[in-house]
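A.B. asks:
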Amino acid sequence: MFMKEKFVNYIFHENFVLIKKLVDAELEVSIYKAAQNVSENRISELEKENQRLRELTANIEFENVILRTAATVLENRMEALNAECSDTGNGNEKFPRIIKMIEKMKVDGRKALRSHPKVSKLLPRKKINH
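Heads up: take any position in the sequence shown, counting from 1, add 86, and you land on the numbering used here.
1. Between Ile188 and Leu160, how many whole angstroms is the CB-CB distance? I'm expecting something under 8 angstroms.
2. If we ignore side chains and look at the alpha-carbon of each, how far apart do Asn150 and Ala157 end up?
3. With distances taken between CB atoms, is the gap from Leu142 to Gly195 smaller than 8 angstroms?
4. Hey, how far is the Cα of Glu147 from the Cα of Glu126?
5. Taking only runs of the beta strand (DSSP E) that begin and end inside the segment 104-135, which ones reach a length of at least 3 residues, in chain order?
6. Taking just the CA atoms, how far does Ser116 sit from Ile97?
7. In angstroms with no decimal places, state the Cα-to-Cα distance between Leu104 and Ser130.
8. When the Cα atoms are used, what is the spatial distance from Ser201 to Lys192?
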């Protein structure tokens with residue numbers, strides 16, 4: 087019995103340092119795996135958010151194309167009306183009204199864009215005059 091105890095003590099004490107290193111290494115690996123999982127989850131969340139922002143940016147760019155086209159059409163129409171009004175002598179009445187209408191549309195468009203929280207982060211800050 088004494089030999090068996092001595093043998094167990096010898097094995098345990100000799101390998102204690104090795105066992106401790108093994109446990110420490112396994113703990114470290116577990117910590118790294120947990121950190122990697124957290125990082126992968128965060129990366130996945132950020133990729134989804136980035137995709138949503140890309141879609142939002144694409145929508146904004148599309149809306150900008152539509153707004154620029156509408157502005158060009160309105161400018162052409164305004165010039166035609168101005169020319170028509172200048173010919174008839176009533177240019178002072180219609181032209182300022184059209185300009186006010188366009189300015190109001192610009193302000194309303196900016197307000198609508200700024201009211202969306204994700205869009206407002208993408209837009210430059212400018213004071214909106216009423």
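The beta carbon of each residue, even a glycine, is placed where N, CA and C say it ideally should be.
C.D. replies: The short version:
1. Right, the Cβ-Cβ distance comes to about 6 angstroms (below 8 angstroms), so this counts as a contact.
2. Straight-line Cα distance between these residues: approximately 10 angstroms.
3. The criterion of a C-beta distance shorter than 8 angstroms is not satisfied by Leu142 and Gly195.
4. Between the C-alpha atoms of Glu147 and Glu126 there is a straight-line separation of about 31 angstroms.
5. Counting whole runs of 3 or more residues, the segment 104-135 contains no beta strand (DSSP E) stretch at all.
6. One C-alpha to the other measures close to 27 angstroms.
7. Inter-residue distance for Leu104 and Ser130 is about 39 angstroms (C-alpha atoms, whole angstroms).
8. Taking the straight line joining both Cα atoms gives about 14 angstroms.
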